[in-house]
Structures are given as structure tokens and as C-alpha cells.
Amino acid sequence: MLALKNVEVVYSDVILVLRGISLEVPDGKIVALLGANGAGKSTTLRAISGLLDVHRGDLTKGQITLDEHRIDHLPPAKVVKLGIGQALEGRRILAELTVEENLRLGAHTARKTLDVNLARVYELFPQLKERPRFTAGYLSGGQQQMLAIGRALMSSPRFLLLDEPSLGLAPLLVQQIRDIIVEINRQGTGVLLVEQNATMALSIAHHGYIMETGKIVMDKPARELLDDEDVREFYLGLSSEGSKSFAEVKHYRRKKRWLS
Amino acid sequence: MTQFLQALVNGVSLASIYALIALGFVIIYKSMQVLNFAQPALLLLGGYWVLYFATVWGWAFPLAIVVGALFAAATGVIVERTTLRPMVGKPVFAVAILTIGLNTVISVIALDLMGVEIRQMGDPWGFGFVEFGGLNIAHRQIAAIVAVAVLVGLLLAFFKYSRLGLAMRATAFDQEVALTQGVSVSTVFALSWAIAAVLAMFGGVFLGSGVGFERSAAVTALKALPVVVVGGLDSIAGAIVGALLVAVSETLAATYQPEYAPFLGKGFSQLVPYVVMLLVLLFKPYGLFGTKEIERV
Ligand SMILES: Nc1ncnc2c1ncn2[C@@H]1O[C@H](COP(=O)(O)OP(=O)(O)OP(=O)(O)O)[C@@H](O)[C@H]1O
Ligand SMILES: [Mg+2]
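Those protein sequences? They're chains F and Z, same order as listed. For the first sequence, counting from 1, position 35 maps to 35 in this note's numbering; every step adds exactly one. For the second sequence, counting from 1, position 47 maps to 47 in this note's numbering; every step adds exactly one.
1) Heavy atom of ligand 2 less than 7 Å from the Cβ of Z/S235, yes or no?
2) Cα-Cα, which of F/S49, F/I216 and F/G142 is closest to F/Q175?
3) Answer with yes or no whether the minimum CB distance from F/H206 to chain Z is below 8 Å.
4) I'd like to know if the segment 83-97 of chain F and the segment 157-175 of chain F are in contact, where contact means that at least 3 CB-CB pairs between them fall below 8 Å.
5) Does Z/A167 come within less than 8 Å of chain F when only Cβ atoms are used?
6) Would you say the beta carbon of F/S42 comes nearer than 7 Å to a heavy atom of ligand 2?
7) With a threshold of 16 other CB atoms inside 10 Å of the CB of Z/T180, please say whether the residue is buried or exposed.
8) Along the chain, where does the alpha helix (DSSP H) that runs through F/E164 open and close?
9) With a threshold of 8 Å between beta carbons, is Z/G182 in contact with chain F?
10) Looking only at its chain, what residues have a beta carbon closer than 8 Å to the beta carbon of F/P221, apart from the 5 residues adjacent to it on each side?
11) Starting from F/S22, trace the beta strand (DSSP E) in both directions and tell me its first and last residue.
12) Counting only beta-carbon atoms, is Z/L191 nearer than 8 Å to chain A?
13) For the segment 53-87 of chain Z, enumerate the residues whose C-beta is nearer than 8 Å to any C-beta of chain F, in chain order.
14) Measuring alpha carbon to alpha carbon, tell me which residue in Z/V228, Z/L264 and Z/K266 is nearest Z/G24.
15) May I ask you to list, following chain order, the residues of the segment 97-119 of chain F that have a beta carbon less than 7 Å from some beta carbon of chain Z?
16) Does chain Z have any CB closer than 8 Å to the CB of F/S12?
17) Taking only heavy atoms of ligand 3 into account, decide whether any of them is closer than 7 Å to the Cβ of F/S49.
18) Alpha carbon to alpha carbon, what distance is there between F/I93 and F/D227?
19) Between Z/R298 and F/E130, what straight-line distance do the alpha-carbon atoms span, to the nearest angstrom?
20) Residues of the segment 61-87 of chain F in Cβ contact with chain Z at a cutoff of 7 Å, in chain order, please.
21) Buried or exposed: Z/K160, going by 16 or more other Cβ atoms within 10 Å of its Cβ?
22) Please decide whether Z/L179 counts as near chain F, where near means a Cβ-Cβ distance under 8 Å.
23) How many Å lie between F/S239 and F/E229 at the Cα?
24) Assuming F/D201 and F/A32 make a contact with CB atoms under 8 Å, what is their CB distance in whole Å?
25) Could you spell out where the alpha helix (DSSP H) holding Z/L135 opens and where it closes?
26) Excluding the five sequence neighbours on either side, which residues of its own chain have a C-beta within less than 7 Å of the C-beta of Z/S31, listed in chain order?
27) Do F/R19 and ligand 1 come close, with the Cβ less than 7 Å from some heavy atom?
28) Quick check on this structure: which residue in Z/F61, Z/V230 and Z/D234 has the alpha carbon closest to the alpha carbon of Z/V241?
29) Return yes when at least one heavy atom of ligand 1 lies under 7 Å from the C-beta of F/I15, else no.
30) Kindly examine ligand 2 and report whether one of its heavy atoms sits closer than 7 Å to the Cβ of Z/E176.
31) Where does F/H207 sit, in a helix, a strand or coil, going by DSSP?
32) Leaving out the 5 sequence neighbours to the left and right, which residues in its chain are closer than 6 Å to F/V10 when beta-carbon positions are compared?
33) Note down, in chain order, all residues in the segment 144-161 of chain Z with a beta-carbon under 9 Å from any beta-carbon belonging to chain F.
34) For a test of the three-state rule: what should DSSP assign to F/K215, helix, strand or coil?
35) Taking only the alpha-carbon atoms, compute the straight-line gap between Z/K90 and F/V54 and give it to the nearest angstrom.
36) Can you find at least 3 beta carbon pairs, one from the segment 244-262 of chain Z and one from the segment 9-27 of chain Z, that sit closer than 8 Å?
This is the structure in C-alpha cells:
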């Protein structure tokens, strides 16, 4: 089990962004982490994977544990070795490298299982298998997202952290990504899924957390969140009375697309 | 015609030495965005290790090269660990100035070890040369060109096929992504300094072959900096093309300028690398192969 307890994160010594986050990702489950822009979702993932340093961030309180062992303050390479893989927000494909080189990079800590994992990723993503020597930057958005997820799988992670995998993708592709996440989870990997597309995330998650300005404001089994009136109104755009918040949600998405 | 071809041959052999120094510069810049002005000093110290093993201890030259390379690599790693590591995240400009200081410190050490007189490298090439269609091509020139071709080939294969080479390319492209894939970026930094120091050592070896090694080697090494600007700070191909362009211009100027443009004065060819650099900068501010955004400091 991957767990965060009262985690507080400060950027540049002064900007308090996470104000005591607690969440749990049990083995083999999908956990959704939802919230609007700037809520602190990506920061939560950075705290887990040891990337705060890169952003001048600091974990100032609380702890992060993997099977009761603390992993906060470990360097990112150690965290990967312990079995936590991550696909960053915005795909972050190495555009000048080939598809296969991107995947080989993912196996940096797992040389011995390179062939097995490569076969597994190619089976999950036949579209990548067709073009191993293709320059990654010329892949379509959906294929790039697949490559980002595939790359994170190359270290055989026990837990996979996904940061907005549906970002900027057409509905059909979002469906595909969704099915792939389900399949990855079925093969035994625990998933912490950060999403703005709450409908998609909650439709496959076992449990969901909702974040607002650095705090968890709600935490329930995904089923119950889907039925919750407030959640429906603010995150799913399914308000029973009119669609003011729906417009807002859409606006968010559009804004994100420009940024990505 | 013979005169022209001779200048060309001399240019290519000089280019191989510039390329060694420039490549080290580019590799360090790509992996950690540090402008390393200590390359000339690394060349002096590296060259010294080899001549020390070859002439003072009398080892076979290939052995002196291998052990010299190990010493050079260790020097690179130590310098990176002690001096550059604490500066991660500091302004590019400040770190660049720091490397100038490093250049002074390492040069002082190297020159102290070397002494004032010209030292023989202990190389097998000496002053031997082959005559070929009226051209005189020194053995050491051939050795330099062949060695650099082989080294560049090895380097490219390393980047293309090896796990660490791939990690280095990934780090150059997107450091955070490299971290998320389990790459130890500090290993990459150290490795890039080791590689740069070894390449500089070879530069010293070929500069000192035959004619002997002395402090002026550092001045020649300094002329590799315009090469980097010409080729582009972050381009390996640029380092090679830039080296050829600068070195050939320089040897052509050395051949023809005294005759056709004597008013430019003696030793004008020494300025040519900087003239080429200015000309390229007028039309290509990021160098011939440089990436635009990367250099915006
Ligand atoms: N390096 C940084 N320095 C200072 N503030 C930062 C830094 N990175 C993020 N922040 C701030 O922290 C807050 C949370 O950012 P974070 O990226 O974690 O949000 P998010 O929930 O992932 O948002 P999004 O949906 O836009 O990706 C934001 O207000 C953001 O401006
Ligand atoms: Mg985010």
C-alpha cells in the first residue's frame, strides 16, 4: 500500500500548496484524485515520486510510505526502483528519440526485464509496435500518451501514477486510454489516476479523492462520488438545475488544452 | 594547387583537435547547461598525465594513453563533484564564471607539474611524414584524424546504443522525464565531465605529439571556444562542422594571407577563428546547428 499522511508541501520556501493531504492507494486498486486547476494534484504526485526538488518544492510535514516504509525524501531513481512509475502531465515524450528508445529509457532501472516488458507494452499498445523506429515527436497525441504510459510500465511498477492522461484527447481516444488503464490494473498494477475528466476517472476507479486548494475535501468509494449531488454538479457537470457549472467545467477543459 | 591541398590537410588535422575540445564542451552543456571554460586546463592536465607515464615512467605509449585517460576521467569527475554539484540551480552566468576560475586553478597545477620547458609527449609519431602527390602529411596528423574519427564513432555509438548513453540523451532533452524513469542525473553529470576531460586529454596528446607539449597548448585550446559558438552550443554535429570550418579557414589564412593581404599583419591566422565566429553570429545567432530556445539564458 502506498500512503500519504498529512503531507504538506511548500514551493520556494513560502508558497504553501499542499495543506495536509492524506490518501491511500491499496495494491491492485485504481484510486482517482480529482480537482480543478491548481488544486495541487500534480504536486501530490511530485511529492510521491521525489520530484519536488526540481521545482524548488519541499515536503515540510507529514510522511509518505510504501508498505509502512517511508519514501519521502528519497531521490526519484530510488522511488522508481521501489516500484512506483509515473507518467507526467502533458505526456513529455522525448520527441527527438524513437518510440523504442523512449521505451528503453523506461527500462533504465530494469535492464533484465527489458524484453519481457517491451513485449508487454507492445501487446497493450499495438499502435506502438507497428513503428518502433518512428520519431516519437511525430506520433499523434493519443499515441504519445500511450507511449508515455508504456514508458512508465517499462520498470514493472507496482504502482502507476498517471497525471491527466486524457488531457487534450478526443472522446474516442479517452475511451481507449480508459480501457488501457483498466487492463493495466487488471494485470495487477495499482493506479493513482489524476484527472480533470471526473466522469472517466470515477467510472473505473475503486475509490476517489476530491481536492480543493491543497486539501482533500471529500473521500469516498467512486460509486458514491458518482451519485453525490455536489460532485455531480461541480465535477461532472450534471447539475439537476441548469448548466452554469457545466459551462465552467467546459471552460476549464478548453483552457487546459491551450496550456498543454 | 598543392599549396591549397596542403593547407586543407593541415586544416583537417587541426580541426580534429578543435573537435575534441568542442565536443567536450557541447556534451557538458547538453547534459547540465553549464558553459565549461575549463576545457583548456583539462587539456593541459590530461596531456601531462600521458607524457608523464610515457616519458618519466617510460611506459608503452598505448598504456600511457589508457592510464592517462583514467586519470583524466577521474579529474573530470572530481571537478564536477566538488565544484559544479553545489552550483546546481545557480544562474548560468555565475557557473560559467566559476569554470573560468577552475580553468585558472587547474592550469596552475598542470603548469607547475610540467615545468617551463617544452616536454616531449613520448609519442611514436615524432616528425615522420609521408609524401603524397607533393603533399607532406605528418604521421601525427594522420594519427590525429584517424583517432578522432574513431573516437567520434565510439561516442555516437555510445549515445545511440548504450543504456547510459540513452540516459544522457534523455537528460539533455528533459531532465525531469529522465528522473521519472529512474535515471540518476548526478551520474549523468559526472559522466559528461569524465567524457569531456578524456576528449580534452586526447586533444593535448595530439597537440603535443612530435612538436612537444607546453603551455601554449592552452592558447590553441582556447580557439576551440569559437568553434562551439560557430557550431551551436548544443550540437554534436555542429562541433564537428564548426571545427572543420574554423580550422580550415585558419590554415588557409596562414597559407595565403601573408602573401595576399600582408597589411593585416603577422599572425593574423590566429584571429581567424574569432572572425569566423563573428561572421556566423551575424547570420546565425545560435550557431549553424544550435537550438534556438536552449541558448536563451
Ligand atoms: N514550482 C512551483 N513554484 C511555485 N508554485 C507552484 C509551483 N508549481 C506549482 N505551483 C502552484 O501550486 C499550485 C498547485 O499546482 P499543481 O500543478 O500541483 O496543481 P494541479 O492540481 O496539478 O493543477 P492542474 O490541473 O492545472 O495541473 C498552483 O497554484 C500552482 O500555481
Ligand atoms: Mg497538474
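From the three backbone atoms N, C-alpha and C, an ideal C-beta is built for every residue, glycine too.
Answer, in terms of the structure:
1) No, ligand 2 has no heavy atom inside 7 Å of this Cβ.
2) F/G142
3) no
4) In the pairwise beta carbon analysis, the segment 83-97 of chain F is classified as touching the segment 157-175 of chain F: at least three pairs are separated by under 8 Å.
5) yes
6) yes
7) Around the CB of Z/T180, 16 or more other CB atoms lie within 10 Å, so the residue is classed as buried.
8) Taken as a continuous stretch (DSSP letters only), F/E164 belongs to no alpha helix (DSSP H), as it is neither H nor E.
9) yes
10) H206, H207 and G208
11) From DSSP, the beta strand (DSSP E) with F/S22 extends over I15 to V25.
12) No chain A appears in the structure shown, which is made up of the protein chains F and Z.
13) none
14) Z/V228
15) L97, E101, R104, L105, G106, H108, T109 and R111
16) F/S12 does not count as touching chain Z.
17) The ligand content of the structure shown is limited to ligand 1 and ligand 2, which means ligand 3 is not among them.
18) 36 Å
19) It is not possible to answer for residue 298 of chain Z, since the shown part of chain Z is limited to 1 through 297.
20) Per Cβ criterion, the list reads P76, A77, V80, K81 and Q86.
21) exposed
22) Yes, contact with chain F.
23) Low confidence applies to F/S239: its pLDDT is 47, below 50, so where it sits in the model is not reliable, and the reading given next is rough at best. Distance between the alpha carbons of F/S239 and F/E229 is about 8 Å.
24) The sequence given here has Ala at residue 201 of chain F, not Asp. With a Cβ gap of about 4 Å, F/A201 and F/A32 count as contacting.
25) Element bounds for Z/L135: not the alpha helix (DSSP H) but the beta strand (DSSP E), L135 to A138.
26) M168, T171, A172, V188, F189 and S192
27) no
28) Z/V230
29) Taking non-hydrogen atoms of ligand 1 into account, the C-beta of F/I15 is found less than 7 Å away from one of them.
30) no
31) strand
32) L16, D58 and T60
33) K160
34) Shown here, F/K215 sits in a strand according to DSSP, grouped into three states.
35) When rounded, the distance between both Cα atoms is 13 Å.
36) yes
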